[in-house]
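Trainee: Structure below; questions to follow.
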Ligand SMILES: [Zn+2]
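Residue numbers (this note's numbering): 43 to 370.
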């Protein structure tokens, strides 16, 4: 009898989004969760409910003008929906996921072009909305990247935190732009933003940003680190959050999901995965799950950006496991 196992790298119990760069190239149309997302959250533009989100894949090929603010909001909500699905206890201000918490606090997000900045809140007949400022071409272009989307998500979380009555002070020298105290068990709006960047940086919420090439990973890691250590830490006057250092594996381990097809007729197994260009993959095989039992299956393979596969002739032990490790 043969069996195959999908091995998940330690530290990421289950990566809810395998590879954020690939995810952000996809449109809402192809996502089965969008109906539920748009049921839970209404997106408005200058107060008017938006129901159409024109989008073509890959998103990097769209013109900046067609990558609209409502579409960007929906992309952010899609990431929120998936990124920590099934997890609990990782956000001190709520027992479950960011999605469930936001859903419990707000009815939607209104993108407005007539405001100076984002704020909480605006009331409509169907509930409370956070307001985010419409963005210019430069920022919407940046919102194709993980850093841009992450910045939007932590902003949505910040504004949503105000619903529960968390306000600002001016103690740090910025008028109504400070929070008096950082308390893990009572996180304020800036505290929530700090926390999200921390868990992304350390891979406690693993969106697979470590699956890109080294330069892109470093950009994302530095974005989260400076968000924590500079941008949000300085907003506190008493008990600032701790200074963080760069972890060895920013964003957590890159988890590569394998699809394995056994053929009895051909006496082989085909092992496939979605690869990223500029990354190298080494498929390994083992007859058991002993950590020292892994041997390389063929040579390392340079990612094509598409599906990469290797074929393994089945002989020998009646049970085998496969995994793919990423090399720099
Ligand atoms: Zn605020």
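Heads up, the beta-carbon is just placed ideally off N, CA and C, and yes, glycines get one too.
1. What is the DSSP secondary structure of residue 83, reduced to helix, strand or coil?
2. If you measure from the CB of residue 199, is any heavy atom of ligand 1 nearer than 7 Å?
3. Determine whether the beta carbon atoms of residue 101 and residue 66 lie at a separation below 8 Å.
4. Could you say if the segment 268-282 and the segment 148-161 meet the contact criterion of at least three C-beta pairs nearer than 8 Å?
5. Look up residue 216 in the DSSP assignment and say whether it is helix, strand or coil.
6. At a cut-off of 7 Å, is residue 5 close to ligand 1 when judged by its beta-carbon and the heavy atoms of the ligand?
7. CA-CA distance, residue 109 and residue 305?
8. Could you compute how far the alpha carbon of residue 187 sits from the alpha carbon of residue 63?
9. CA-CA distance, residue 161 and residue 85?
10. Can you tell me the Cα-Cα spacing of residue 143 and residue 202, whole angstroms?
11. Return the chain-ordered list of same chain residues with a C-beta closer than 8 Å to the C-beta of residue 118, the five sequence neighbours on each side being excluded.
12. On the three-state DSSP scale, how would you describe residue 66?
13. Going by C-alpha to C-alpha distance, which of 321, 311, 131, 316 sits closest to residue 327?
14. What do you reckon, is the C-beta of residue 231 under 7 Å from a heavy atom of ligand 1?
15. Excluding the 5 residues flanking residue 271 on each side, which residues of the same chain have their C-beta closer than 7 Å to its C-beta?
16. Assuming residue 315 contacts residue 297 (C-beta within less than 8 Å), just tell me the rounded distance between them.
17. Could you say if the segment 257-266 and the segment 206-213 meet the contact criterion of at least three C-beta pairs nearer than 8 Å?
18. Could you pull the start and end residues of the alpha helix (DSSP H) that residue 142 belongs to?
19. Using only alpha-carbon positions, find the residue among 302, 183, 335 that is nearest to residue 105.
20. For residue 124 versus residue 58, is the C-beta distance shorter than 8 Å?
21. Can you check DSSP and say which residues form a bridge with residue 375?
22. So within the segment 207-275, which uninterrupted alpha helix (DSSP H) runs reach at least 4 residues, ignoring any that extend past its ends?
23. Are there three or more Cβ pairs, one per stretch, closer than 8 Å when the segment 163-176 is compared with the segment 81-95?
Mentor: Based on what the coordinates show:
1. As a working note, residue 83 is residue 41 in the chain shown. Three-state result, residue 83: coil.
2. Position 157 of the chain shown holds residue 199. Incorrect: residue 199 has no Cβ contact closer than 7 Å to ligand 1.
3. Taking the chain shown and counting its residues from 1, the one referred to as residue 101 is at position 59. Taking the chain shown and counting its residues from 1, the one referred to as residue 66 is at position 24. The answer is yes: Cβ separation under 8 Å.
4. Verdict: no, contact absent.
5. On the chain shown, residue 216 is found 174 positions in, with the first residue counted as 1. Note: residue 216 maps to coil in three-state DSSP.
6. With the chain running from 43 to 370 in the structure shown, residue 5 is simply not present.
7. Here residue 109 refers to the residue found at position 67 of the chain shown. Here residue 305 refers to the residue found at position 263 of the chain shown. Distance between the alpha carbons of residue 109 and residue 305 is about 44 Å.
8. As a first step, residue 187 must be located in the chain shown, where it is residue number 145. As a first step, residue 63 must be located in the chain shown, where it is residue number 21. Straight-line Cα distance between these residues: approximately 7 Å.
9. Counting from 1 along the chain shown, the entry for residue 161 is found at position 119. Counting from 1 along the chain shown, the entry for residue 85 is found at position 43. Those two C-alpha atoms are separated by around 15 Å.
10. Looking up residue 143 in the chain shown gives position 101. Looking up residue 202 in the chain shown gives position 160. One C-alpha to the other measures close to 9 Å.
11. Locating residue 118 in the chain shown gives position 76, counting from the first residue. Closer than 8 Å at the Cβ level, and outside the excluded window around residue 118, lie 191, 194, 195, 198.
12. Numbered from its first residue, the chain shown carries residue 66 at position 24. The answer is coil: DSSP assigns residue 66 none of H, G, I, E or B.
13. The count along the chain shown starts at 1 and reaches residue 327 at position 285. In terms of CA proximity to residue 327, 311 leads the group 321, 311, 131, 316.
14. By one-based count along the chain shown, residue 231 stands at place 189. Flag set: Cβ of residue 231 near ligand 1.
15. Taking the first residue of the chain shown as position 1, residue 271 is located at position 229. Closer than 7 Å at the Cβ level, and outside the excluded window around residue 271, lie 285, 286.
16. Locating residue 315 in the chain shown gives position 273, counting from the first residue. Locating residue 297 in the chain shown gives position 255, counting from the first residue. The Cβ separation is near 10 Å, so there is no contact.
17. Result no; under three Cβ-Cβ pairs closer than 8 Å.
18. Taking the first residue of the chain shown as position 1, residue 142 is located at position 100. 140-147 is the span of the alpha helix (DSSP H), which, as asked, contains residue 142.
19. Sequence index remark: in the chain shown, residue 105 carries index 63 (1-based). The option with the nearest alpha carbon to residue 105 is 183.
20. Position 82 of the chain shown, counted from the start, is the residue given in the question as residue 124. Position 16 of the chain shown, counted from the start, is the residue given in the question as residue 58. Yes. Within cutoff.
21. The requested residue 375 does not occur in the structure, where the chain is confined to residues 43 to 370.
22. 231-243, 256-268
23. yes
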